[in-house]
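Chains as they are written, first to last, in the working numbering: chain A, 0 to 118; chain B, 12 to 902. Cβ atoms here follow ideal geometry from the backbone N, Cα and C, with glycine treated the same way. First up is the structure itself, then whatever we jot down about it.
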C-alpha cells in the first residue's frame, strides 16, 4: 500500500521527524517530505499533492487542523500523530486515525491503512 | 236626791233619782259619782270639787248631754249641793237635791221659737204687704167649703170680685188654675188640710187678661180640738218676678254648668279658708275623683306636697287679697297618677266687691311638661354631645352664615361662638391662603357643599386669630328640608396638625425602617467590600440627613498589606484627595479606638476640636461641618474595622435617635464586612486551589506529553543509533551517549522548570556531559540568549553530536585542540538574528566524512529545521567549523 507513495510529514521535533522519515522509507515510501512548520506544510502542498500525510497535532503551540482540512479537501488520506493522549479533535476530524507517540511502524502502517479506507 | 260620800264620791240615791239615772240604775248605786256620769264628768267635776271644798253649790239650769238611755240626749237640771262635815269639821261628802227640768226647758224653747216664727211671719207679711207683694187674701171655711176672697184675689184668679165676697167653692176657685198645676195644687191642699199648720204652694193662674201668672199661696190650716180642719186662711203672693228671676238664675246656672262642663280644666270653688266646695265634672275626671263628696270640704292645699303646697297656699293668699295667684306644680290625682298642673286661683267677689269664694282652675299640663322635659333633655343631650365632642361643629344658614358653633368649634378656631355667628365662617377662618393671597369663598370646597347639595370632605388650612395656619380635616354636609332643598350646612372640622405630625413621624419611621431594612439586606447580600461600604455610607446619609458622610475603614491589599481606605457620600471624592487620612486626634481617637460614639451639635464648639497641627481643625477646603456624628465600626472579634463619620453645615442636626440608628447600621456594616472579608479570603483560597489544580492538570498533561515526546525522541535516537551498518557495541555506546546528552538537557530544563533556558548554559551543559574534563578546552562567549525548551533540546543534541565528533575526530581527540563557541545577536532588519560559530582548532587535520551519519543529519537538518535557519558544516583541514545563522529564537 505504501510502496512507491509520496508522503508528507508535519513534525516540529527534528529527532522524531527523522525517525518517522526512516520508518516510512522502511515501509516502502518512495518520497517523504518533512515540514516542521504549518506554513512550510502549506507551502509544500502548494507544489504537490502527496499520497499520504502524517501530521503532528501540536506544531510549536499551533494546531495542524488547517493542514488537515486542506488534505481532506484533496482527499489525501492522513493520520494524526500526537504526544497528548487525550487530544480532542474537532468534529470534522474525529474520524481521522491517530497514533500516539511513541508508535511502532506497525501502528503507523495500520493507521495509514485505516485512513486510506476512509477516503 | 242623792248623797256623795267619802273621798270615793260614793253615790247613794233614792227612787226619785232612779228616774234620772234611767238605764244607769241599779249599777250606779255605791259607785263613784263621776264614773257613773263619765260622759258629763267634765261638766260636773267643778261643782263636785266646790262642794267637797265645803262651798255650797246652787244651779237653776244646767244643760247636760247625758247618755242614760243608750243615746246622747239633751237634759236640763236645777240642783243644789250642800256639803256635809264630819266630826273633825272636814267635808265628808255632800247632799244634792235635784230636779230634772228638761221638759220645761223644751216647752219654753218651743214657745220662744213659735213666738219668733210668728213674729217673723208677721214681719214677712208686713214686709210683703209693704212691698205690694201680696196680691190678695182668702179665708176658706173648710166645713162649708166656702171661700171668701178679697178683690185682689178675685182679680188674680180672674173671678168676679162680687162672687168673692159671698163665698166660692174650691172648684170655682181653682177653675182658672193652669191645668198642668191643678192636680199638684189639690194634692198640696189635701196634705195641708190633713196635717194642719202652714201651707205654701206655687202655681199658675189665669187672670182676666187671659195670661197665666205665677203666684204663691201662703196659708194655714187651723184644726179644731178634735183635729177636724176648720179654717184655711191665706194670702196670695205675686211670684212672677221671683219665678222669672229663678228661671233666669237657673238658665245662668245652666250656662255656668255648661261652661264648667265644656272647660277641659279642673274648676274648683273653695271657700276663703281654702276648703273645697265644688269641683267641675271634667275636673273630677281629670283629678280621677269618683265621688265629689269624697273631696268636698277637703283643704285644697293638702292636694299638694312639699314645696308645691307652699305655692298653692301662696296662690290662695294672693287670690284672697283680690289678686290672681298662679303657679305650676306637680301633684298626683286621687288615684295617684302623676300630673303637672298649671293653676290659677282668683277670687269670686260678692256684690260688694269683696272676695267671697275662691276659684281655682287647674290645667293638666303634664303632656306639655313632658314635651318640654323631652325637649330640654333632647337639647341637653344635643348640647352634651355637641359640647363634649372633640369635633368642631358649625351650622351655617342658607347664606353660609354661621348660626351655631359648639365648644370644640370655639376651641378649634379660637373665636367665641358669638364672634363666629352672623357672618360667613369662611370670612373668619378661611379667607387667606398660606401665601397670603385672598381665598375666595367661591373656590372653597367647604362652601361648595351647599350649592352642590353634596357632602364634601377634605383637608384645608384655617387661619388662626394670630394669622397662623393650621390644618383641618372637614366634612361639610348640606342640610336639606323636606323638599330636598338645601337650607343650611353642617360643617364638622378637626385640627389634624397632630395627626399630620404623627403621620409624618410614622412615614419618617417607615422610611427609616425601610432604609434600615434595605441597607441590612443590601449589605448582607453584598460581598464586594467597596460597594458594601458605599451602601452603608449612603444609608447613613439617608437616615441622618447628613450633608457629608465618610466611611474610613481598614483593608488589605492583594499583597496583604494593611491600608486605610475610605468612601464618601454627599461630597465629591476629589475634594478629599488632597487631605491626609484622619489621624487619631482627640476628635477621631474614640472612633478609631472603637470606644464610643461621638456626637456633637457643634463640633467647632467642642473642646477637643482644633488641637492638632497642621490644620488646627479642618483642613482648608474641607466641607463645612458643624453637626458631627462619628460611630466606630467594630468587628465581632473586637477589632476596629473603621469609623462612620457624618457632618452637616448646620449645628444640632443629629439626634440620639440618629446615633442609635447609626450604631445599628455600624453593627450591620461590621457583620457584612466581616462576611465580605471571609468571603474574599474563601474566594482567594478557592481560586488558588483552582489554579493549583489547573496547573497540576496541565503539568500532568504536559508531563505525559513530554514523556511521550521524550520516548519518541529516545525511540528516534535508538532507531538512528542502531543502524544495520553500525556495529552493535558502537551503536550501544552512541545510543548511551546520546541518552546522556538528552538527559543532561532535560536536567538543565528541569532546573529551569521547563520554561526557558540560556543558550550559554545549554552549550556548556551539553559539552560538559559529552566531553567531561575535556570540556575545559571549549570556550563559549556570547550575549545572553534565551531559548525555548524544545529548541534547547535540539541545540543540546546538536552540540552533543559536535562534541562527540570533536572527541572522536576533532579538536578534542588530541590533548591540545580547543574549541571556541561564539555567538552574537545582530539587529539589522525586522527581526534580530543569531549567529553562532563552533570553531575547532588544534586538532588533527580534518577530512570530510564519506558517510553522513546521525550527527550530520542532526546538525545540518535537525538544528536548521529547529532554528528555521541555515546550519553549515565546513570540514576545514585546520578544524571543523559549524556556522549557524538563524532568526533569534523566541523564548
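* Asked: Is residue 900 of chain B helix, strand or coil by DSSP?
  -> coil
* Does the count of Cβ pairs from the stretch 221 to 236 of chain B and the stretch 195 to 213 of chain B closer than 8 angstroms reach three? -> yes
* For residue 2 of chain B, the three-state DSSP class (helix, strand or coil) -> Residue 2 of chain B cannot be examined here, being either before or after the span of chain B that is shown, 12 to 902.
* **chain A contact for residue 723 of chain B (CB, 8 angstroms cutoff)** => yes
* Asked: How do the stretch 768 to 776 of chain B and the stretch 819 to 829 of chain B stand: do at least 3 beta-carbon pairs fall below 8 angstroms, yes or no?
  -> no
* Asked: Around the C-beta of residue 63 of chain A, are 16 or more other C-beta atoms found within 10 angstroms, so that it is buried, or is it exposed?
  -> buried
* Could you tell me the boundaries of the alpha helix (DSSP H) in which residue 292 of chain B lies? => 292 to 298
* Asked: Mind listing which residues of the stretch 61 to 84 of chain A have their C-beta closer than 9 angstroms to chain B's C-betas, in chain order?
  -> 80, 81, 82, 83, 84
* Evaluate residue 653 of chain B with the Cβ neighbour count: other Cβ atoms within 10 Å of its Cβ, from every protein chain shown; 16 or more gives buried, anything less gives exposed. => buried
* Is the CB of residue 21 of chain A under 8 angstroms away from at least one CB in chain B? -> yes
* Asked: From which residue to which residue does the alpha helix (DSSP H) around residue 267 of chain B run?
  -> 251 to 273
* First through last residue of the beta strand (DSSP E) which encompasses residue 49 of chain A -> Note, residue 49 of chain A: premise wrong, no beta strand (DSSP E); not H, not E.
* To do: Indicate whether at least one CB of chain B lies closer than 8 angstroms to the CB of residue 14 of chain A.
  => yes
* Asked: Does DSSP put residue 102 of chain A in a helix, in a strand, or in coil?
  -> coil
* Asked: Does the beta-carbon distance from residue 76 of chain A to residue 26 of chain A come in below 8 angstroms?
  -> no
* Could you spell out where the beta strand (DSSP E) holding residue 213 of chain B opens and where it closes? => 208 to 217
* To do: Enumerate in chain order the residues of its own chain whose CB-to-CB distance from residue 549 of chain B is below 6 angstroms, with the five nearest sequence positions on each side excluded.
  => 580
* **Three-pair Cβ contact test at 8 angstroms for the stretch 805 to 814 of chain B versus the stretch 777 to 793 of chain B** => yes
* Buried or exposed (CB count within 10 angstroms, at least 16 for buried), residue 503 of chain B -> buried
* Unbroken beta strand (DSSP E) run spanning residue 884 of chain B, endpoints -> 881 to 887
* Can you name, in chain order, every residue of its own chain whose Cβ lies under 7 angstroms from the Cβ of residue 20 of chain A, other than the five neighbours on each side? -> 8, 31, 33
* Nearest to residue 100 of chain A (by Cα), restricted to the options A/6, A/10, A/70 -> A/10
* Asked: Name the chain A residues whose beta carbon is nearer than 9 angstroms to that of residue 805 of chain B?
  -> 12, 13, 14
* Whole-angstrom Cβ separation of residue 7 of chain B and residue 458 of chain B, contact assumed at under 8 angstroms? -> This structure gives no information on residue 7 of chain B, because the portion of chain B shown stretches from 12 to 902.
* Asked: Name the DSSP beta bridge partners of residue 417 of chain B, please?
  -> Answer by DSSP bridge pairing: none, since residue 417 of chain B is not bridged.
* Asked: With distances taken from CA atoms, which of A/90, A/53, A/66 is nearest residue 15 of chain A?
  -> A/53
* Under 8 angstroms, do residue 79 of chain B and residue 32 of chain B count as touching if we go by C-beta distance? -> yes
* Asked: Where residue 204 of chain B and residue 307 of chain B are concerned, what is the direct C-alpha to C-alpha distance, given to the nearest angstrom?
  -> 40 angstroms
* To do: Could you check if residue 427 of chain B is buried or exposed, using at least 16 other CB atoms within 10 Å of its CB as the buried criterion?
  => exposed
* What three-state label does DSSP hand residue 500 of chain B in the structure shown? -> strand
* Quick one, which residues of the stretch 849 to 872 of chain B are near chain A if we go by CB-CB under 9 angstroms, in chain order? -> 865, 868, 869, 872
* **Beta-carbon proximity of residue 323 of chain B to residue 340 of chain B, cut-off 8 angstroms** => yes
* By the criterion of Cβ-Cβ separation under 7 angstroms, what are the contact partners of residue 727 of chain B in chain A? -> 14, 15, 17, 18
* Close Cβ partners of residue 611 of chain B (< 6 angstroms) along its chain, the five nearest in sequence each way excluded -> 617, 639
* To do: With a cut-off of 8 angstroms on the beta carbons, I'd call residue 358 of chain B and residue 330 of chain B a contact; round off their distance for me.
  => 5 angstroms
* What residues in the stretch 100 to 111 of chain A bring their beta carbon closer than 7 angstroms to a beta carbon of chain B? -> 100, 101
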